[in-house]
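Enquirer: Before I ask anything, here is the structure I am working with.
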């Protein structure tokens with residue numbers, strides 16, 4: 234798919250300066266949409282909106298379909314009347330890093346309280362929303378029932394993983410699940426209400442963005458977590474043994490950066506079973522993704538051509554092997570079922586000619602990251618003069634250091650190459666800072682889309698990094714400081730969008746959009 238020439242900003246919802254210890258879909262999100270519009274930016278890129286899992290990572294989710302309740306705005310629930318304003322007074326302010334302890338111990342109980350109020354009085358006090366709730370439960374039943382059961386069972390057994398549950402529920406015995414519904418009907422209903430509240434607030438936010446011709450670009454990870462409703466509900470789709478333990482798991486092979494590779498631990502798909510079923514689970518997943526996002530970024534795209542399969546008993550990735558994936562067969566099935574899809578391929582890392590051919594055959598643009606371009610000549614594909622039209626160009630991503638942080642930590646050879654490319658950087662706080670020259674280089678490239686992490690717009694250093702791969706703690710907690718969406722910054726970005734001809738809706742005349 235060819236996008237119209239456009240530009241945008243990468244900022245996860247949790248990084249907004251909202252009340253309650255975490256960014257959410259409340260007023261700050263609408264302020265950001267207005268900033269995007271004023272800055273003539275037409276893409277808002279976010280990370281996965283699913284419930285976060287291990288290490289608070291949005292890429293280790295308990296569901297590939299559900300929304301993250303942490304991102305629900307209590308302010309808007311109060312405006313709707315679901316909870317009294319005094320009940321949410323005194324929550325953590327809008328500044329500082331995400332406080333996950335505050336979210337879990339204070340915000341989440343208030344979300345359940347609001348959901349309980351709606352459950353008790355919704356039909357009488359909020360009849361229109363109640364009708365919407367009933368319609369939502371019916372429309373999303375294919376994943377909602379399993380997810381809510383999983384969430385309630387996880388809270389009931391408090392074991393951390395479904396593989397440690399009693400055998401009857403672990404193996405989904407019908408009688409055991411019927412008993413769960415009888416004994417925990419209210420808890421199940423509360424989980425449904427929270428998912429409805431998420432969907433309602435996100436739908437309103439997307440409508441506001443669409444009115445300003447702003448498209449949401451969101452992530453879909455190729456693999457799902459072992460500890461997830463997806464694997465518990467559909468064990469037949471994954472490489473599990475008779476005891477429901479993984480046979481092989483996902484990862485990447487050893488390389489220059491790691492002598493042992495990376496063992497991610499995600500269960501692998503049984504592509505043979507999925508093929509026999511017409512890839513039905515993936516069709517449902519991508520249909521759901523295009524309900525939530527306008528454009529989908531497929532994470533670890535190379536895994537759709539071939540994936541690194543590691544025996545589950547291995548502690549490292551050394552003894553894995555490459556196994557062919559369905560490739561175009563899957564993408565053709567998706568297009569037959571869903572029509573043209575707006576997809577970006579995350580094709581960073583070890584990319585072979587076969588992976589590149591798959592991306593081109595599928596018609597998906599790939600990614601280039603300017604920070605990567607200065608390490609050696611082999612990395613020059615990441616410099617703007619090498620970009621092609623079918624590219625989404627970045628200064629950096631959520632997995633990179635900020636551009637200022639990258640520069641501060643770069644070696645002398647990288648800095649020399651960068652100076653040769655962009656000239657002598659301007660100085661900030663008495664130090665060289667190449668952020669805006671790199672932003673201009675990316676925006677001025679031929680790439681169809683140009684995306685800049687918001688930290689780069691603020692010229693922030695490593696303290697604002699979102700994620701450091703392979704470091705298990707301290708990630709996903711950065712939040713944007715209040716008051717930084719200034720008129721001056723919007724005007725600066727708007728002028729750049731004008732001179733680089735990036736003022737269009739990227740999906741204009743493409744025949745894709747919301748799939749409700």
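Numbering (the working numbering), first residue to last: 234 to 749.
For glycine and all other residues, C-beta sits at the position ideal for the given N, C-alpha and C.
Treat the numbers as computed from the prediction; the structure is a model and nothing was measured.
1. By the DSSP assignment, the beta strand (DSSP E) with residue 624 in it spans what residues?
2. With distances taken Cα to Cα, identify the nearest neighbour of residue 707 among 657, 289, 256 and 284.
3. Return the first residue and the last residue of the beta strand (DSSP E) that residue 540 is part of.
4. Residue 752 and residue 529 look like a contact to me (Cβ under 8 Å); what is the Cβ gap, rounded to whole Å?
5. How big is the Cα-Cα spacing for residue 245 and residue 278?
6. In whole angstroms, what is the alpha-carbon distance linking residue 591 and residue 671?
7. Per the contact definition of three or more C-beta pairs closer than 8 Å, is the stretch 374 to 382 in contact with the stretch 292 to 309?
8. Using 8 Å as the threshold, is the stretch 661 to 669 in touch with the stretch 680 to 696, meaning 3 or more CB pairs across them?
9. Is residue 566 closer than 8 Å to residue 605 when the C-beta atoms are compared?
10. Where does residue 295 land, buried or exposed, given buried means 16+ other C-beta within 10 angstroms?
11. Taking only three categories from DSSP, how would you classify residue 750?
12. Given 8 Å as the limit, is there contact between the stretch 555 to 569 and the stretch 502 to 509, that is, 3 or more CB pairs closer than that?
13. Under 8 Å, do residue 524 and residue 266 count as touching if we go by C-beta distance?
14. For residue 590, which three-state DSSP category applies?
15. In or out: residue 466 buried (at least 16 other Cβ within 10 Å) or exposed?
16. Tell me where the beta strand (DSSP E) around residue 240 begins and ends.
17. Which complete alpha helix (DSSP H) runs does the stretch 636 to 680 hold, if anything under 4 residues is left out?
18. So the alpha helix (DSSP H) residue 360 belongs to, where does it begin and stop?
19. In whole angstroms, what is the alpha-carbon distance linking residue 398 and residue 390?
20. In angstroms with no decimal places, state the Cα-to-Cα distance between residue 472 and residue 499.
21. So, at 7 Å on beta carbons, what are the nonlocal neighbours of residue 474 in its own chain, with the 5 sequence-adjacent residues on each side left out?
22. Would you identify the three-state DSSP class for residue 351, choosing helix, strand or coil?
23. Which residues in the same chain have their Cβ closer than 8 Å to the Cβ of residue 293, if we skip the five residues on either side of it in sequence?
24. For residue 729, which residues from the same chain have a beta carbon less than 7 Å from its beta carbon, with the 5 sequence-adjacent residues on both sides left out?
25. Quick check on residue 620: does DSSP put it in helix, strand or coil?
26. In terms of residues, what are the limits of the beta strand (DSSP E) holding residue 600?
27. With respect to the alpha helix (DSSP H) encompassing residue 340, which residues constitute its N-terminal and C-terminal limits?
28. What are the boundary residues of the beta strand (DSSP E) that includes residue 682?
29. Per DSSP, which one or two residues make a beta bridge with residue 471?
30. Pick out whichever of 430, 485 and 741 has its Cα sitting closest to the Cα of residue 553.
31. Over the uninterrupted beta strand (DSSP E) stretch that includes residue 481, give me the two end residues.
32. So the beta strand (DSSP E) residue 577 belongs to, where does it begin and stop?
33. For residue 554, which of helix, strand or coil comes out of DSSP?
Expert: To lay it out plainly:
1. Position 391 of the chain shown, counted from the first residue, corresponds to residue 624. Its beta strand (DSSP E) spans residues 624 to 627.
2. The count along the chain shown starts at 1 and reaches residue 707 at position 474. When each option's Cα is compared against that of residue 707, the closest is 289.
3. The count along the chain shown starts at 1 and reaches residue 540 at position 307. Its beta strand (DSSP E) spans residues 539 to 544.
4. Given that the chain is displayed from residue 234 to residue 749, the structure contains no residue 752 and the question cannot be resolved.
5. As a first step, residue 245 must be located in the chain shown, where it is residue number 12. As a first step, residue 278 must be located in the chain shown, where it is residue number 45. Cα to Cα, residue 245 sits roughly 7 Å from residue 278.
6. In the chain shown, residue 591 corresponds to position 358, counting from 1. In the chain shown, residue 671 corresponds to position 438, counting from 1. Cα to Cα, residue 591 sits roughly 30 Å from residue 671.
7. yes
8. yes
9. Locating residue 605 in the chain shown gives position 372, counting from the first residue. Locating residue 566 in the chain shown gives position 333, counting from the first residue. No, Cβ-Cβ distance for residue 605 and residue 566 is not below 8 Å.
10. Here residue 295 refers to the residue found at position 62 of the chain shown. It counts as buried.
11. Past the edges of the chain, shown from 234 to 749, lies residue 750, and the structure says nothing about it.
12. yes
13. Along the chain shown, one-based indexing puts residue 524 at 291. Along the chain shown, one-based indexing puts residue 266 at 33. No, the pair does not count as a contact, with Cβ atoms beyond the cut-off.
14. Here residue 590 refers to the residue found at position 357 when the chain shown is read from its first residue. Helix.
15. Here residue 466 refers to the residue found at position 233 when the chain shown is read from its first residue. Buried, since its Cβ has 16 or more Cβ neighbours within 10 Å.
16. Numbered from its first residue, the chain shown carries residue 240 at position 7. Where residue 240 is concerned, the enclosing beta strand (DSSP E) stretches over 239 to 243.
17. 636 to 642, 645 to 655 and 668 to 676
18. Position 127 of the chain shown, counting from 1, holds the residue named residue 360. Run containing residue 360: 360 to 372, per the alpha helix (DSSP H) assignment.
19. Position 165 of the chain shown, counted from the start, is the residue given in the question as residue 398. Position 157 of the chain shown, counted from the start, is the residue given in the question as residue 390. Roughly 7 Å between the two C-alpha positions.
20. As a position in the chain shown, residue 472 is number 239, starting the count at 1. As a position in the chain shown, residue 499 is number 266, starting the count at 1. Between residue 472 and residue 499, the C-alpha separation is close to 10 Å.
21. If you number the chain shown from 1, residue 474 lands on position 241. 480, listed in sequence order.
22. Taking the chain shown and counting its residues from 1, one reaches residue 351 at position 118. Helix at residue 351.
23. Position 60 of the chain shown holds residue 293. So the list reads 285, 286, 287 and 458, once near-sequence residues are dropped.
24. In the chain shown, the residue the question calls residue 729 occupies position 496. Same-chain partners within the cutoff: 673 and 676.
25. For the purposes of this step, residue 620 is taken as the residue at position 387 of the chain shown. Of the three classes helix, strand and coil, the one that applies to residue 620 here is coil, per DSSP.
26. What you label residue 600 is simply residue 367 of the chain shown in a count that begins at 1. Element bounds for residue 600: 599 to 602.
27. Locating residue 340 in the chain shown gives position 107, where the first residue counts as 1. That residue, residue 340, is in no alpha helix (DSSP H); it is neither H nor E in DSSP.
28. Along the chain shown, one-based indexing puts residue 682 at 449. Counting along the chain, the beta strand (DSSP E) containing residue 682 begins and ends at 682 to 686.
29. Indexing the chain shown from 1 puts residue 471 at position 238. In DSSP, residue 471 forms a bridge with 502.
30. Counted from its first residue, the chain shown places residue 553 at position 320. Closest by alpha carbon: 485.
31. The sequence position of residue 481 within the chain shown is 248, counting from 1. Its beta strand (DSSP E) spans residues 481 to 485.
32. Here residue 577 is taken as the residue at index 344 of the chain shown, counted from 1. Segment 576 to 578, the beta strand (DSSP E) holding residue 577.
33. Position 321 of the chain shown, counting from 1, holds the residue named residue 554. Correct three-state label for residue 554: strand.
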